[in-house]
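Under the UniProt record's numbering, the first residue of the sequence shown is numbered 1, with each subsequent residue one higher. To keep things clear, I will list the structure first and then write my remarks on it.
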Amino acid sequence: MMIHDRIQQKLDEKNLKQADIARATGKSTAAVAKWLSGQNVPKTDSLVKIAQLFGVTPNWLATGQGEMTAKPTIDELRQRIKAIENRQSEVEPSDFLSVNNPVPIISWVAAGSWSASDVVEWLDEDTEYLPRPANLSADGFCLRVRGVSMMPEFKPDEVIFVEPNFDVWDLKNGDLVVVRENGNHEATFKQLIMGETSADMYLKPLNPDWHEQRMTPKSEWELVGKVVGKWVKY
């Protein structure tokens with residue numbers, strides 16, 4: 001078994017995509033495709049990042065020998081200990097934030113034309129990343145809140161986690177969503193209001209003092225993703 005075989009094996013086992021490797025390494029999907037075909041071999045820095053993504057040792061990924069499973073780093077152990085200390089209730093291992101597959105903070109323009117296979121094209125060396133929450137899929141991303149339309153719950157410069165793998169018909173009244181309005185290349189952030197039927201959906205800002213209180217009907221927007229949390233830093 002060669003390097004590309006082991007990479008493909010772990011991709012399949014963890015239900016990840018080429019875009020996840022591209023995101024983790026900062027390389028293009030075309031470069032990842034060449035690694036998976038065996039045409040090229042990842043350089044050391046990329047190999048280490050791929051190993052971190054899969055939770056395996058770089059040595060095993062490169063050679064197929066030695067211990068396959070990577071032990072937690074000191075930083076990861078500290079993070080887990082801190083999480084336990086900061087919570088009063090029981091903490092399940094699945095609740096821990098993943099530092100091996102971080103979430104990129106993308107622009108509102110990028111979110112407006114979001115695609116799981118193309119999002120990596122929006123990433124560069126200046127892209128910021130946050131640890132991935134347990135309730136966010138590998139396709140999830142972050143957005144930095146702009147303006148005051150969602151105050152007081154969401155303040156400017158706070159960061160929200162967006163889950164794009166969500167069907168619009170599974171949404172519930174009061175859900176927070178990121179959408180693309182007709183004729184607008186940028187995404188926007190609103191609260192969902194349900195009418196008398198499941199097809200009767202509207203958007204509204206949370207801020208009661210926001211100057212534009214118009215309810216936007218479903219015919220004027222398309223769902224980008226559901227907001228599943230926000231990053232809070234004290």
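A virtual CB, placed ideally from N, CA and C, is assigned to each residue, including glycine. Note that the structure is a prediction, hence the values are computed from the model and not measured.
Sheet register partners of residue i (DSSP bridge)
i: ARG144; result: VAL159
i: MET194; result: MET201
i: ILE105; result: CYS142
i: GLU181; result: TRP221
i: ALA187; result: ARG180
i: THR216; result: LEU203
i: THR69; result: VAL56
Of the residues the options, the one placed nearest residue i, counting alpha carbons only
i: THR216; options: PHE166, LEU171, MET194, GLY225; result: MET194
i: GLY147; options: VAL177, GLU158, GLY112; result: GLU158
i: ALA187; options: PHE166, TYR129, TRP221; result: TRP221
i: residue 238; options: ILE50, VAL177, PRO152, GLU196; result: With the chain running from 1 to 234 in the structure shown, residue 238 is simply not present.
i: PRO164; options: ARG180, ALA62, PHE54; result: ARG180
i: SER37; options: GLN9, VAL228, LYS204; result: GLN9
i: LEU171; options: VAL56, LEU61, LEU223, LEU136; result: LEU223
i: MET150; options: LEU206, VAL178, GLU67, ALA111; result: LEU206
i: LEU143; options: GLY112, TRP169, ALA134; result: GLY112
i: GLU196; options: LYS204, ASN173, HIS211; result: ASN173
i: SER137; options: VAL177, HIS4, LYS14; result: LYS14
i: PHE166; options: GLU67, ASN135, VAL41; result: ASN135
i: ALA110; options: HIS185, MET201, LEU176; result: HIS185
i: PRO156; options: ARG214, ASP175, MET201, PHE189; result: PHE189
i: PHE54; options: ALA31, LYS233, THR25, LYS43; result: THR25
i: TYR16; options: LEU176, GLN65, VAL32; result: The residue you asked about is not Tyr; residue 16 is Leu in the sequence shown. That would be VAL32, whose Cα lies nearest to the Cα of LEU16.
i: VAL168; options: GLN39, ASP200, SER107; result: ASP200
i: ILE106; options: VAL178, GLY66, GLU67; result: VAL178
i: ILE50; options: GLN39, GLU67, ILE21; result: ILE21
i: GLN39; options: HIS4, ASP12, LEU11; result: HIS4
For residue i, the first and last residue of its enclosing beta strand (DSSP E)
i: GLY229; result: 221-231
i: ARG132; result: 129-132
Cβ distance (whole Å) where residue i is taken to contact residue j below 8 Å
i: GLY140; j: PHE154; result: So it is not a contact: roughly 17 Å between Cβ atoms.
i: PRO102; j: PRO131; result: 6 Å
i: ARG6; j: LEU61; result: 6 Å
i: THR69; j: VAL48; result: Contact flag wrong, Cβ pair sits at about 15 Å.
i: LEU192; j: ASP175; result: 5 Å
Continuous alpha helix (DSSP H) stretch holding residue i: start and end
i: LEU53; result: 44-54
i: GLU13; result: 3-13
i: ASP209; result: Unbroken run through ASP209: none, as it is neither H nor E.
i: TRP35; result: 29-37
i: residue 240; result: Nothing can be reported for residue 240: it is not among the residues displayed for the chain, which extend from 1 to 234.
Closer than 7 Å to chain B by CB, residue i
i: THR69; result: In summary, chain B is missing from the structure at hand, where a single protein chain is found.
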